[in-house]
Structure formats: C-alpha cells, structure tokens
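Here is the structure we will look at, set down as structure tokens.
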Amino acid sequence: MGVFNFMDDGSIPGGAVLKLSDGRKRSMSLWVEFITASGYLSARKIRARFHSLIGQAIQKSAYRHIVRMLGHTTEVKLCIHDKYILQITPAFRCNGLWPRSASHWPINHNELNIELTNTPSNRIKWPSNQLINEVKYEGFCLLSQESVYTKDKQASAEGDAWLLDFYHAEERLLLNHTIRRQCFSILKTLADRHLTGVNNKEINFKDPKSTSSTASTSSSTMNMMNSVIQEYDIKTLVLHECEKHPNDDDWTQYTLGDRINSILLQLISCLQHRRCPHYFLPNLDIFRGYSTLGMDITAKQAWRLLRELITCPQALEYL
C-alpha cells in the first residue's frame, strides 16, 4: 500500500502532511489517486472521494427518505430525520507517536515541582509521569477534515494537509479524575443552556419556566448546533485549569465551585480577546473563524451566569 513519512514542522497550524517514502514510484502505490505530484497523500482528495461514495450510497439506500447529505461543505455531514447531524471523517490512528508541534507538553512540568516550594512535590498529582507516558502513548489521529486555517487554501499544498486530533489523549487526561470530569459535565450543561450566543431577552434564572428541564432538553440539540461555544472549547478550558491547579486538593467537592467560576472567567477573557489556545498546540487558536458578534453576546451571557453563581450559593440547583 505504501509507507508514508509523518511530517510535522509547524508550518500549518494544527496540521501535518504525509509523504510517500518507500522509494517506489507514485504510480505503484494503491493510494495513487490520492497522491499529489509531489508525493503527498492528499486529505482533500480523500475527503472528496469519500464525499462522493457516501452520496452514492445514500441515493441507493432504502433509508434515503430519512437520511440526506448536507450541502455547501466538503465534509460528509448527514442529517437524520431532519433532527440529528452526523459527521463522518476518514482518519488515521497514530498510537505510540507524539507530534513535534506538541513536544513542549507538559509545559514546565519539572519546573513546577521545584517552584512550588510550599507544596511537597509528591502532591503534584496532575499530570503524573505515568499519566504523561500514557497520554503520549495514546498518540493522536490524523483527520481528513478541513481546517479554518486551510479553508481558503484548497488549491495550494496546505489544502492537502491532515488535521491533528488529540481526542484520545484528552480523554486519558480526564480519565479516573471524578471531580475534574464532574466539572467538565457541569460546564457543558451550563453552556448548552445559557451560553447560546443568541441575543435573546434577559433570562430570569430563578423563573422555572425559563430554565425548565423540558425546555432545555428540547432545545439542547439546536443550541449546540447554533451556539458559538462548543463542547470542545469547554474541554480545552478545563484542561488549562487542570494545568493551573495540578494538586488534587484543588479538585474536591469543596473547591468545585471555585474551579467552575475560574473557568468561566477564563472563557470570558478568551472571548473578549478573540482567542483561545489549543491545549496541546498553543499556537492554534480554536476560536478562529468564530463570529465576533456571537463571541460578544456569549461573553455577556457568561458574565450573567458567573454573577448568578457567585451571588447565589444554591444557583446550581436551578440553573
């Protein structure tokens, strides 16, 4: 099938390229239709071919009356029952590898143990050396997904780049940390219910009609589709907070409220500065391409939510 070199020089934010390296001619590879003249395996070409195959399969399917492909995108996005959106992306799983662009991680981990002189180094629980090794062994995925950084460069070599994805590594970091995952879950729910990015009328948080679970459930899918802030943004901010507060003593039932408030403050700051760095790739801005108006509205909504959490001890019971 061919052997490819993984090339990650940081020239494409959040991306990398795969180049044929087994010494054979391009025409001898089973990937020939997806390889460029320069010998790169093109994510763009694979994405286009996959899009075509799925489109043909749906047309011939007995379920074509309930499943349709969304247009105006090179990604394979299926709308099911006009209610659910499913995105399917071709990818390579890269276990046991760690990209050079993320080689700095974890940032100043050794220095952190030395600098916290008032805290014994054996209390630095996150990430432990064992966890670091496990995370790096999890590796990453290469997605054929279009990036906001290469969106307007599809005619150039950058359009052939693959997107780095650290889902498994991120999940490993939060695995078996009950309070950290609980914090993530609470923030996801709060964001879904209250950080819509839509300039609605002022919400009365204590009015059961405006925050009922029924209303929240029925609108949750639509909120996540249309809102500025996505689940991944929340996860990224939680991971940054974990790095700022590595001690398990900072992640208990008694300090959970402090962590939630701190993350909301960081979210507001990122929205106001129009930038939020990727956890593993700090040069990658995960807010790039977001609506300026949407970020302004979301920042105001986050301020109102934070004020409610700070001024009312029982706020989480009705939010």
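The UniProt record's numbering applies: residue 1 is where the sequence shown begins, and numbers increase by one.
Even glycine gets a Cβ: it sits at the ideal position worked out from N, Cα and C.
CA-CA distance, L174 and S52?
Counting from one through the sequence shown, the residue named residue 174 turns up at place 174. Counting from one through the sequence shown, the residue named residue 52 turns up at place 52. In this structure, the CA atom of L174 is about 37 Å from the CA atom of S52.
According to DSSP, is W162 helix, strand or coil?
Taking the first residue of the sequence shown as position 1, residue 162 is located at position 162. Reduced to three states, the DSSP call for W162 is strand.
Across the segment 37-54 and the segment 82-96, are there enough close Cβ pairs to call them in contact, namely three or more that are closer than 8 Å?
With the cut-off at 8 Å, the segment 37-54 and the segment 82-96 touch.
Host beta strand (DSSP E) of G15 (start-end):
Counting from 1 along the sequence shown, the entry for residue 15 is found at position 15. Run containing G15: 15-20, per the beta strand (DSSP E) assignment.
Determine the closest residue to T196 out of A302, A57, G55, with distance taken between C-alpha atoms.
If you number the sequence shown from 1, residue 196 lands on position 196. For T196, the nearest C-alpha among the options comes from A302.
So, do the segment 132-139 and the segment 163-180 have three or more beta carbon pairs nearer to each other than 8 Å?
Yes, the segment 132-139 touches the segment 163-180.
Kindly give me the distance between the Cβ atoms of L164 and A43, rounded to whole angstroms, as I take these residues to be in contact under 8 Å.
Locating residue 164 in the sequence shown gives position 164, where the first residue counts as 1. Locating residue 43 in the sequence shown gives position 43, where the first residue counts as 1. Approximately 11 Å separates the beta-carbon atoms of L164 and A43; this is outside 8 Å, ruling out the contact.
Between which two residues does the alpha helix (DSSP H) carrying K188 extend?
Stepping through the sequence shown from its first residue, residue 188 is reached at position 188. Counting along the chain, the unbroken alpha helix (DSSP H) around K188 starts and ends at 178-194.
What span of residues does the beta strand (DSSP E) with N5 cover, start to end?
Taking the first residue of the sequence shown as position 1, residue 5 is located at position 5. N5 -> beta strand (DSSP E) spans 4-7.
C-alpha distance - F287 paired with C276, whole-angstrom precision
Sequence index remark: in the sequence shown, residue 287 carries index 287 (1-based). Sequence index remark: in the sequence shown, residue 276 carries index 276 (1-based). Their backbone Cα atoms lie some 6 Å apart in a straight line.
Local conformation of N247 per DSSP, three classes:
In the sequence shown, the residue the question calls residue 247 occupies position 247. Of the three classes helix, strand and coil, the one that applies to N247 here is strand, per DSSP.
Verify whether the separation of the beta carbon atoms of L281 and A102 is less than 7 Å.
Counting from 1 along the sequence shown, the entry for residue 281 is found at position 281. Counting from 1 along the sequence shown, the entry for residue 102 is found at position 102. With contacts defined as CB atoms closer than 7 Å, L281 and A102 qualify as a contacting pair.
DSSP-derived helix/strand/coil call for L41
One-based indexing of the sequence shown puts residue 41 at position 41. Strand.
If distances are taken between C-alpha atoms only, which option among H65, I46, H168 comes closest to K235?
Here residue 235 corresponds to residue number 235 of the sequence shown, with the count starting at 1. That would be H168, whose Cα lies nearest to the Cα of K235.
Give every residue of the same chain whose Cβ lies closer than 7 Å to the Cβ of T298, excluding the five residues on either side of it in the sequence, and list them in chain order.
The count along the sequence shown starts at 1 and reaches residue 298 at position 298. For T298, where only same-chain residues beyond five positions count, the Cβ hits under 7 Å are L195, G197, V228, I229, L271.
Start and end residues, beta strand (DSSP E) containing C79:
Here residue 79 refers to the residue found at position 79 when the sequence shown is read from its first residue. Element bounds for C79: 76-80.
Residues in its own chain within less than 8 Å of T292 by CB, not counting five upstream and five downstream?
Sequence index remark: in the sequence shown, residue 292 carries index 292 (1-based). Contacts found: R274.
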